[in-house]
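A.B. asks:
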């Protein structure tokens, strides 16, 4: 037998039957019977004990269950005080508790091996059925059964009967296995109950009397106040009670049959309802399957569309990454070429030679001949000086405005605003002077003539122009690198991010070097100007006017080396294009190769590099400007013919205004993935206008830059800010 076993749970039908019988026993007008048989119980429920106690049930039927004990731990036998009939057949009882007040006890087909000694206390017991158990003997206390009438001990392992059975005078029926008996002998046992009782009485030495003589006193003892003399009345009462019990049993069987019919009807209706429910569930399941199939098809279509869309987005992302890669490669190649050009220019000895030649030429300029004094065109030169000074003052005005604005934000003083107003009023008043008055004033003031000559000298200086062009190119490349880095941050990719950072830092370092070289060259030009002023003849009249006129009439050294006019054979519009882009040094190159606008429109950057134009930004600017001119010429065909037929007059003594801080820069062609202009990463409204050094990022406007001390992109300290101007 296993040490541990799980109790078998009753089935749904058994549970329903138990609930039904419990409800039936609690109904108003119910009889004294509690029937919980065939409910697959492993123990008697507490509710059954409570029902017997409260409703004083007299008949408790618990047969055909799985009981191993009669009273569970949570219940008490006191609840069964009123029970007279206890039916426990077809269970698994191995022992019995101490029972009282029972008249009928049915223990057929259980697992009893012995009866307790306390069973003799059932003085009112009239029927005892222990058939089909494992009893080997009967206890001696059975002599206490004073009113026992029926005893069934068949189907056990009994071989001997106790002699005390002779004291049960009311025993009418004794059922046993006569063939297996040894005491009394099988012959006596086969003769019947009376023969057995006579044998036992003889063995005990007492006289035997028929049970009918002892039955009436036993019944009288059960009655209430029945006297020994009223024999007839006792017999009549006994018969009435017997008949009453028979009627009760018949009524019970009828009610049981009726309940069985009701149960069958209930089960029939339940089965019908279950079939209807099953049919309804089947219909619902079929509808559910159809809905699920529809939803599944819709989901498949949605997933298919989503897959196509994801595939399209992936293709677009790959295209964009390819464009970014191409842009990075182009920028890297341009930066590499720019660094190589800068290194080559720094290492070139031609620069030193040109500086020496320039110094010799400046010394020669100090000597003013009598012929130049006589042919001095004072009015024209003065007009050119006036225009140059006006443009210089405009440039200084922009710088003063920028510096005063910064000073205003730092100091927060109203005095600076007043000074700015005075400066503005002074400049405006000066600009409103009459042209002739300004020209006469220039002719009279040597300092103004000197300032005009200084501005033209800076503009005409070859090295200063080359430095400016390189600064413009680096500014353009830094702007494109910053846009590329922001685009990569939007795409959440770090491919070649370290390469971009190294290139940006290299360009920032190169920009700082070029700014130092530009400042150094300006100092050299100012030193040359001081030397010219020191060596000038004190009594020489119109000295600075003659120098300005000579500088205006002077051509580039490369034009002198050709020995012929460099513009000969070139379209005037192409010459103007090169001058506009500050690339007049390439005029003889274009003239030597006899390049026209139409031929230039079919050329590429590599073609320009082959003929000697090495700056990548200038290459793109020339090609872009050529396409714009030809596009305008298609709509206005007379434009090219008019420009070509014009014969340029003598060069006007005027210098075009060029702001050192805002030159016309050769713009790189915009990338396909960036059609809009770059915007400030702080305010997200203005265009980017400032370069941060040493990191090289171009990501803020001028207004937001004034409040920053670290770069918003890389968080590095800002040591210098450079203002750039978009063309």
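In the numbering used here, the protein residues as written are 6 to 732.
Even glycine gets a Cβ: it sits at the ideal position worked out from N, Cα and C.
Nothing here was measured: the structure is a model prediction, and the numbers come from that model.
1) Determine whether the beta carbon atoms of residue 63 and residue 40 lie at a separation below 9 Å.
2) State the DSSP-derived secondary structure class of residue 25, mapped to helix, strand or coil.
3) Look at the alpha carbon of residue 520 and the alpha carbon of residue 696, and state the distance between them as a whole number of angstroms.
4) For residue 47, name the three-state secondary structure that DSSP assigns.
5) Is residue 16 helix, strand or coil when you go by DSSP?
6) Once the 5 residues before and after residue 66 are set aside, which same chain residues still bring their CB inside 6 Å of it?
7) Compute the distance between the beta-carbons of residue 452 and residue 530, then report whether it is under 9 Å.
8) Please go through the same chain and pick out, in chain order, the residues whose beta-carbon is closer than 6 Å to the beta-carbon of residue 121, but skip the five residues on each side of it.
9) Pop quiz: residue 123 and residue 103 are said to be a contact at Cβ under 8 Å. What is the actual Cβ separation, rounded to whole angstroms?
10) When you compare the CB positions of residue 114 and residue 52, do they come within less than 9 Å of one another, or not?
11) My understanding is that residue 478 touches residue 622, with C-beta atoms under 8 Å, so please give their C-beta distance in whole angstroms.
12) Answer yes or no: do residue 508 and residue 729 have a C-beta to C-beta separation smaller than 9 Å?
13) Opposite residue 726 in the DSSP bridges: which residues?
14) Specify the secondary structure class of residue 252 as computed by DSSP and reduced to three states.
15) Do three or more CB pairs link the stretch 696-709 to the stretch 469-485 at distances below 8 Å?
16) So residue 181 and residue 158 are supposed to be a Cβ contact under 8 Å. How far apart are they, rounded?
17) What separation, rounded to the nearest whole angstrom, lies between the Cα atoms of residue 599 and residue 714?
18) At a threshold of 8 Å, does residue 492 count as lining the ligand SAM (C-beta to nearest heavy atom)?
19) Can you tell which of 199, 638 and 581 has its C-alpha closest to the C-alpha of residue 627?
20) On the DSSP letters alone, give me the boundaries of the alpha helix (DSSP H) that residue 612 sits inside.
21) What's the C-alpha gap between residue 673 and residue 625?
22) Could you compute how far the alpha carbon of residue 162 sits from the alpha carbon of residue 117?
23) Quick one: what's residue 109 bridged to in DSSP?
24) Going by other Cβ atoms of all chains shown within 10 Å of its Cβ, with 16 needed for buried, is residue 549 buried or exposed?
25) Could you tell me if residue 504 is buried or exposed, where buried requires 16 or more neighbouring beta carbons within 10 angstroms of its beta carbon?
26) Would you kindly report the start and end of the unbroken beta strand (DSSP E) that includes residue 38?
27) What first and last residue would you give for the beta strand (DSSP E) that runs through residue 65?
28) Which same chain residues, not among the five before or five after residue 677, have their C-beta less than 6 Å away from its C-beta?
29) Between the stretch 613-620 and the stretch 585-604, do at least 3 Cβ pairs fall closer than 8 Å?
C.D. replies: Checking against the coordinates, here is how it stands:
1) no
2) helix
3) 13 Å
4) coil
5) coil
6) 40, 42 and 92
7) no
8) 101
9) 4 Å
10) no
11) 4 Å
12) no
13) 697
14) helix
15) yes
16) 5 Å
17) 53 Å
18) What this structure holds is no ligand at all, so the ligand SAM is not there to describe.
19) 581
20) 610-616
21) Residue placement at residue 673 cannot be trusted, given a pLDDT of 40 that sits under 50; what the coordinates show is reported in the next sentence. Rounded to the nearest angstrom, the two C-alpha atoms are 6 Å apart.
22) 11 Å
23) 90 and 132
24) buried
25) exposed
26) 38-40
27) 64-66
28) Low per-residue confidence applies at residue 677: pLDDT is 41, beneath 50, and the placement is therefore not dependable enough to give any value.
29) yes
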